[in-house]
Each structure stands twice: as structure tokens, then as C-alpha cells.
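Single-structure report; data block below.
Residue numbers (my numbering): 90 to 132.
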């Protein structure tokens, strides 16, 4: 994703964390857990 926006990995992660409040890896994990919860609840 960093290459798509023209940043190196370090700067991308820094900007992502500033915007999303979480580092990219933690954001992905959080989203996966949220989606799994939805699927388990039948939503």
C-alpha cells in the first residue's frame, strides 16, 4: 500500500497511524476480529 501512495513503509505506517489511530497491522487485525464477530452473530 505504501508504494501506491508514494511513501516508504516507515512513513506510510506513521501517516496511517496518525489518520487511523492504529498502526496498519493492528488495524487489519482489529477489522478481522470485528468482521468475525459480525459473522458469528449472524449479521
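Glycine included, every Cβ here is placed at the ideal spot set by N, Cα and C.
Check, Outcome
"Residue 111, DSSP secondary structure in three states", "coil"
"Neighbourhood of residue 119 by C-beta, 7 Å cutoff - its chain only, sequence neighbours within 5 removed", "111"
"Length of the line joining the Cα atoms of residue 106 and residue 115", "10 Å"
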